[in-house]
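**Student:**
Protein chains: 2
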Amino acid sequence: MERIFATYLIETPYEVEQAAAVLAGEQSSGTFVSVPGETEELRARFAARVEHIELLDEVPTPSMPGDFLPGKIYKQAKVIVSWSVENFEYNIPALISTLQGNLYELRQFTGLKLDDFELPNSYREHFRGPKFGLRGTKELAGVGPKRPMVGTIIKPSVGLTPDYTADLVRTLAEAGIDFIKDDELLTSSANSPFAERVEKVMRVINEHADKTGKKIMYAFNITGDCRTMQTNYETVVNAGGTCAMVSVNSVGWAATKQICNWGGLSIHGHRNGWGMLNRHPFLGINFPAYNKIWRLAGVDQMHVNGIKNKFWESDDSVVRSIKSCHKPFLNSESVLPVVSSGQWGGQAFETYERTKSTDLLYMAGGGIMAHPSGPVGGVSALRQAWKAAVSGMTLEQAAQEYKEFGESVLKFGRKEVNAQ
Amino acid sequence: MERIFATYLIETPYEVEQAAAVLAGEQSSGTFVSVPGETEELRARFAARVEHIELLDEVPTPSMPGDFLPGKIYKQAKVIVSWSVENFEYNIPALISTLQGNLYELRQFTGLKLDDFELPNSYREHFRGPKFGLRGTKELAGVGPKRPMVGTIIKPSVGLTPDYTADLVRTLAEAGIDFIKDDELLTSSANSPFAERVEKVMRVINEHADKTGKKIMYAFNITGDCRTMQTNYETVVNAGGTCAMVSVNSVGWAATKQICNWGGLSIHGHRNGWGMLNRHPFLGINFPAYNKIWRLAGVDQMHVNGIKNKFWESDDSVVRSIKSCHKPFLNSESVLPVVSSGQWGGQAFETYERTKSTDLLYMAGGGIMAHPSGPVGGVSALRQAWKAAVSGMTLEQAAQEYKEFGESVLKFGRKEVNAQ
Numbered sequence: 333m334e335r336i337f338a339t340y341l342i343e344t345p346y347e348v349e350q351a352a353a354v355l356a357g358e359q360s361s362g363t364f365v366s367v368p369g370e371t372e373e374l375r376a377r378f379a380a381r382v383e384h385i386e387l388l389d390e391v392p393t394p395s396m397p398g399d400f401l402p403g404k405i406y407k408q409a410k411v412i413v414s415w416s417v418e419n420f421e422y423n424i425p426a427l428i429s430t431l432q433g434n435l436y437e438l439r440q441f442t443g444l445k446l447d448d449f450e451l452p453n454s455y456r457e458h459f460r461g462p463k464f465g466l467r468g469t470k471e472l473a474g475v476g477p478k479r480p481m482v483g484t485i486i487k488p489s490v491g492l493t494p495d496y497t498a499d500l501v502r503t504l505a506e507a508g509i510d511f512i513k514d515d516e517l518l519t520s521s522a523n524s525p526f527a528e529r530v531e532k533v534m535r536v537i538n539e540h541a542d543k544t545g546k547k548i549m550y551a552f553n554i555t556g557d558c559r560t561m562q563t564n565y566e567t568v569v570n571a572g573g574t575c576a577m578v579s580v581n582s583v584g585w586a587a588t589k590q591i592c593n594w595g596g597l598s599i600h601g602h603r604n605g606w607g608m609l610n611r612h613p614f615l616g617i618n619f620p621a622y623n624k625i626w627r628l629a630g631v632d633q634m635h636v637n638g639i640k641n642k643f644w645e646s647d648d649s650v651v652r653s654i655k656s657c658h659k660p661f662l663n664s665e666s667v668l669p670v671v672s673s674g675q676w677g678g679q680a681f682e683t684y685e686r687t688k689s690t691d692l693l694y695m696a697g698g699g700i701m702a703h704p705s706g707p708v709g710g711v712s713a714l715r716q717a718w719k720a721a722v723s724g725m726t727l728e729q730a731a732q733e734y735k736e737f738g739e740s741v742l743k744f745g746r747k748e749v750n751a752q
Numbered sequence: 333m334e335r336i337f338a339t340y341l342i343e344t345p346y347e348v349e350q351a352a353a354v355l356a357g358e359q360s361s362g363t364f365v366s367v368p369g370e371t372e373e374l375r376a377r378f379a380a381r382v383e384h385i386e387l388l389d390e391v392p393t394p395s396m397p398g399d400f401l402p403g404k405i406y407k408q409a410k411v412i413v414s415w416s417v418e419n420f421e422y423n424i425p426a427l428i429s430t431l432q433g434n435l436y437e438l439r440q441f442t443g444l445k446l447d448d449f450e451l452p453n454s455y456r457e458h459f460r461g462p463k464f465g466l467r468g469t470k471e472l473a474g475v476g477p478k479r480p481m482v483g484t485i486i487k488p489s490v491g492l493t494p495d496y497t498a499d500l501v502r503t504l505a506e507a508g509i510d511f512i513k514d515d516e517l518l519t520s521s522a523n524s525p526f527a528e529r530v531e532k533v534m535r536v537i538n539e540h541a542d543k544t545g546k547k548i549m550y551a552f553n554i555t556g557d558c559r560t561m562q563t564n565y566e567t568v569v570n571a572g573g574t575c576a577m578v579s580v581n582s583v584g585w586a587a588t589k590q591i592c593n594w595g596g597l598s599i600h601g602h603r604n605g606w607g608m609l610n611r612h613p614f615l616g617i618n619f620p621a622y623n624k625i626w627r628l629a630g631v632d633q634m635h636v637n638g639i640k641n642k643f644w645e646s647d648d649s650v651v652r653s654i655k656s657c658h659k660p661f662l663n664s665e666s667v668l669p670v671v672s673s674g675q676w677g678g679q680a681f682e683t684y685e686r687t688k689s690t691d692l693l694y695m696a697g698g699g700i701m702a703h704p705s706g707p708v709g710g711v712s713a714l715r716q717a718w719k720a721a722v723s724g725m726t727l728e729q730a731a732q733e734y735k736e737f738g739e740s741v742l743k744f745g746r747k748e749v750n751a752q
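Following this line, the structure appears as structure tokens:
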């Protein structure tokens with residue numbers, strides 16, 4: 333029978349073998365004493381198995397509260413556990429409850445993080461994955477393989493009127509932007525009702541498309557309860573939009589899956605709240621596992637932070653995330669990695685150097701909107717930076733070559749230039 | 333204009349005022365530089381405000397990776413931040429993205445935990461809260477105010493057939509149980525398809541109700557994608573069931589809300605995965621905030637762990653959770669706290685002592701099923717323990733007075749007896 337394999341990083345004051353056995357027991361038989369009805373045959377068929385243990389490190393203090401054994405050190409290890417598909421069939425929320433359920437509460441661990449998981453081939457028949465994904469979304473936005481999509485976020489996050497937003501969209505359209513999104517803090521607010529914003533923004537986008545043949549992708553933030561999301565989704569479709577944004581953690585898996593099933597829009601997955609799930613090195617979930625869960629829902633675009641971002645995340649972690657979006661999974665479309673957070677053209681060089689890929693949505697908020705020559709200069713600078721990075725130029729060469737990029741280096745780039 | 337207030341526990345190497353201002357900025361204007369369009373007027377109307385700061389402690393090492401300032405100590409504080417309701421209207425996923433969104437990624441913090449939040453009165457018109465809640469669920473199960481509902485979990489979690497499960501239900505019914513639930517690891521499995529399990533279990537429960545007038549509440553685990561949950565919900569309703577269980581973290585807020593809206597079943601909210609969100613003292617979310625989010629969805633019953641549980645959580649934290657379930661919120665029904673995890677009758681005494689309440693669903697898995705006299709003895713022992721606790725007896729007195737409870741003390745209670 334096919335099995336599902338999950339890799340965990342664990343920390344424990346006990347013997348690692350013993351702690352891993354507790355994890356497997358809790359997540360399959362699930363009680364603290366032997367009970368009638370638990371036969372050897374049942375155990376063989378349904379029990380989770382510890383498949384592999386690799387010791388990593390030993391530390392004197394625990395990462396989190398848990399059992400304390402006097403004089404003990406805390407062992408960190410990588411552990412692989414497997415379950416039969418018979419346990420959950422093809423029910424992803426049930427899989428989530430198994431891979432990342434009660435096990436985080438076990439006192440035998442002072443650290444536990446789900447790193448990645450692998451599903452057997454039969455899942456291919458049950459999950460389409462992203463309807464558009466990486467290739468489909470770039471095609472929908474009319475962006476070829478040789479460069480990333482260039483995008484921006486409407487800022488300030490809340491407070492602008494639909495008219496002001498539509499005016500900004502016009503300016504950005506004329507500057508050659510590929511993608512614009514609502515901020516995740518804005519859904520429908522007192523002075524920017526959702527339907528009115530869609531109507532006014534799409535009028536600009538449709539007119540621009542009629543004139544130029546290029547339809548800018550705008551990710552309208554439809555995040556809400558099921559009814560609101562359905563209404564808002566239909567509003568976007570009827571206005572000729574191509575994309576909707578969902579704050580996936582806030583909405584949850586089941587409703588996000590439902591939205592992706594409809595298949596009429598590329599779904600922009602915003603992972604706000606991710607820090608709660610990932611920030612501690614020994615608690616929560618790492619991106620490769622997280623990303624697969626949302627690919628199973630059918631999310632087409634997924635946020636991954638960016639090189640030298642304004643948040644805490646390391647560049648290595650960002651690069652790993654970009655690569656997991658690109659990596660094949662269940663023969664479905666790859667996910668478009670959304671590079672965002674404190675970005676401007678300056679990070680294009682290292683991003684390209686480390687990923688050798690233009691299969692990105694490269695987003696700058698303030699980096700475009702606060703460019704010295706305004707949003708038009710901001711978009712130009714980003715396009716220039718990527719052109720230069722792909723052609724093998726350095727940041728300094730590009731700053732000499734391109735006026736708008738040069739201006740952005742002066743405004744945003746002091747740290748990066750000095751560091752080189 | 334009405335405002336929403338959120339309380340955070342924070343840790344930072346910066347001045348607390350400065351770090352709190354970054355949090356408020358990120359969660360309302362949302363960019364790292366001033367941008368055109370961000371006027372003073374907009375800021376006054378839509379910007380988040382830091383309302384209150386209370387220094388708690390200073391520590392030499394950070395709780396989590398973040399900015400490092402040489403020679404700095406890390407300050408821990410309680411901070412209250414507020415937002416205008418105009419920012420999100422009555423959209424709870426948008427509220428979640430604001431209260432627990434990107435702020436967890438800010439490098440200015442080495443710890444951040446949402447502790448609680450308060451909503452203005454106008455939310456009462458938009459959210460019914462739990463349809464059944466604490467009182468309605470106890471009534472539905474035919475349990476009066478003088479004692480808790482007594483429940484158990486079918487164990488082992490996975491592997492039993494519907495026939496075996498139905499036989500166990502018959503035994504437990506005859507023993508006088510009020511409530512039984514599927515384990516969170518079981519939805520529909522190869523040898524226990526959901527519909528067959530409902531049919532066979534409900535036949536036993538309905539027959540028992542016909543004979544005795546008491547309809548045992550069985551929480552069938554309907555967790556899954558939207559379509560599966562709807563089908564499974566209808567299966568339970570059509571079979572005469574009164575309850576469905578949802579793993580709320582795995583399913584997510586929007587789909588859970590949808591299910592609660594239907595209003596035909598008491599919804600048992602299982603919080604598996606909670607450890608990811610709460611285990612670290614300075615990361616994630618505390619129960620008072622978490623519980624309110626799910627009360628807004630309409631969940632009727634919510635897991636809270638138990639005194640001397642098998643997990644890591646402290647008794648103080650458990651007691652705080654029970655009290656937050658009981659506490660009024662938006663004039664809606666309170667939530668029934670589900671006390672569970674390594675429970676047997678022995679903890680009834682301290683649970684009652686510390687909460688002075690019988691408004692609980694008190695659950696034992698192994699504590700009932702592995703009782704020396706079998707499940708019948710297990711149920712009797714729990715009922716006896718609560719009767720004794722409410723009447724003011726000590727555990728020792730109860731062990732002398734009641735045969736089955738005495739047996740459970742011998743099997744499960746060594747630690748507790750010695751400790752007294």
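Residue numbers (the numbering used here), protein chains in the order written: chain P, 333 to 752; chain A, 333 to 752.
Each residue gets a CB set at the ideal place from its N, CA and C atoms; glycine is no exception.
1. Along the alpha helix (DSSP H) that carries L446(A), what are the first and last residues, could you check?
2. If I'm right that E437(P) touches E645(A) with Cβ under 8 Å, what's the distance once you round it to whole angstroms?
3. Could you tell me the alpha carbon to alpha carbon distance between L466(P) and K478(A), rounded to whole angstroms?
4. Under the assumption that S598(P) contacts E418(A) (Cβ atoms under 8 Å), give the Cβ distance between them as a whole number of angstroms.
5. What's the C-alpha gap between G710(A) and V391(A)?
6. Tell me, which residues are paired with E343(A) by DSSP?
7. Taking 8 Å as the threshold (C-beta atoms), are Q408(A) and C558(P) in contact?
8. Grab the span of the alpha helix (DSSP H) containing M534(A) for me, first residue to last.
9. When the distance is taken between beta carbons, is V671(A) closer than 8 Å to M695(A)?
10. Determine whether the Cβ of C558(A) lies closer than 8 Å to any Cβ atom of chain P.
11. For Y346(A) and F400(A), I'd like the C-alpha separation in whole angstroms.
12. With a Cβ-Cβ cutoff of 8 Å, do R460(P) and G398(P) count as a contact?
13. Which residues in chain A have a C-beta closer than 9 Å to the C-beta of A522(P)? List them in chain order.
14. Determine, using beta carbons only, whether L341(A) comes closer than 8 Å to chain P.
15. Does the beta carbon of M577(A) sit closer than 8 Å to a beta carbon anywhere in chain P?
16. Are the stretch 471-487 of chain A and the stretch 499-513 of chain A touching by the rule of at least three beta carbon pairs closer than 8 Å?
17. With which residues is G483(A) paired in a DSSP beta bridge?
18. Name the residues in the stretch 610-625 of chain A whose C-beta lies less than 8 Å from a C-beta of chain P; which are they?
19. Report all residues from its chain with a CB closer than 7 Å to the CB of Q716(P); omit the five preceding and five following residues, and keep chain order.
20. Would the stretch 448-458 of chain P and the stretch 607-617 of chain P be scored as touching if the rule is three or more Cβ pairs under 8 Å?
21. At a CB distance below 7 Å, what residues from the stretch 384-401 of chain P approach chain A? Give them in sequence order.
22. Interface residues of chain P around I424(A) at Cβ under 9 Å?
23. Just to confirm, are Q359(P) and A380(P) a CB contact at a threshold of 8 Å?
24. Does the separation of the CB atoms of G601(P) and G638(P) fall below 8 Å?
25. Taking C-alpha atoms, which residue in G706(A), I342(A) and T371(A) lies nearest to I385(A)?
26. Under the rule that 16 or more other beta-carbon atoms within 10 Å means buried, what is Q633(A), buried or exposed?
27. Report the three-state DSSP secondary structure of V391(P) (helix, strand or coil).
28. Let me check one thing: in DSSP terms, what residues is A551(A) bridge-paired to?
29. Of all the options A498(A), I554(A), S579(A) and W585(A), which has the alpha carbon lying nearest to the alpha carbon of I548(A)?
30. Taking only the alpha-carbon atoms, compute the straight-line gap between A505(P) and F619(P) and give it to the nearest angstrom.
31. Pull up the DSSP beta-bridge partners for G601(A), would you.
32. Contact defined as beta carbons within less than 8 Å: I believe S582(A) pairs with S361(P). What is the distance between those atoms, to the nearest angstrom?
33. I'd like to know if R381(P) contacts chain A, where contact means its C-beta is closer than 8 Å to some C-beta of that chain.
34. Could you list which residues in chain P have their beta carbon closer than 8 Å to that of K589(A), in chain order?
35. If the criterion is Cβ atoms closer than 8 Å, does the pair I339(A) and I412(A) meet it?
36. If we define contact as Cβ-Cβ less than 8 Å, is Y346(P) a contact residue for chain A?
**Tutor:** According to the structure data:
1. No alpha helix (DSSP H) contains L446(A), which is instead part of the beta strand (DSSP E) from G443 to E450.
2. 7 Å
3. 59 Å
4. The pair is not a contact, with the Cβ atoms about 30 Å apart (cut-off 8 Å).
5. 47 Å
6. Q408(A) and G443(A)
7. no
8. F526 to T544
9. yes
10. yes
11. 10 Å
12. no
13. M333, R377, F378, S416, V417, E418, N419 and E421
14. no
15. no
16. yes
17. F511(A) and M695(A)
18. R611, H612, P613, L615, G616 and I617
19. G677, A730, Y734, E736 and F737
20. no
21. M396, P397 and G398
22. G556, D557 and S582
23. yes
24. no
25. I342(A)
26. buried
27. strand
28. K513(A) and C575(A)
29. A498(A)
30. 33 Å
31. V578(A) and M634(A)
32. That belief does not hold up - the Cβ atoms of S582(A) and S361(P) are roughly 20 Å apart, past 8 Å.
33. no
34. D557 and C558
35. In the sequence as displayed, the identity of residue 339(A) is Thr instead of Ile. Against a cut-off of 8 Å, the Cβ pair of I412(A) and T339(A) comes out as a contact.
36. no
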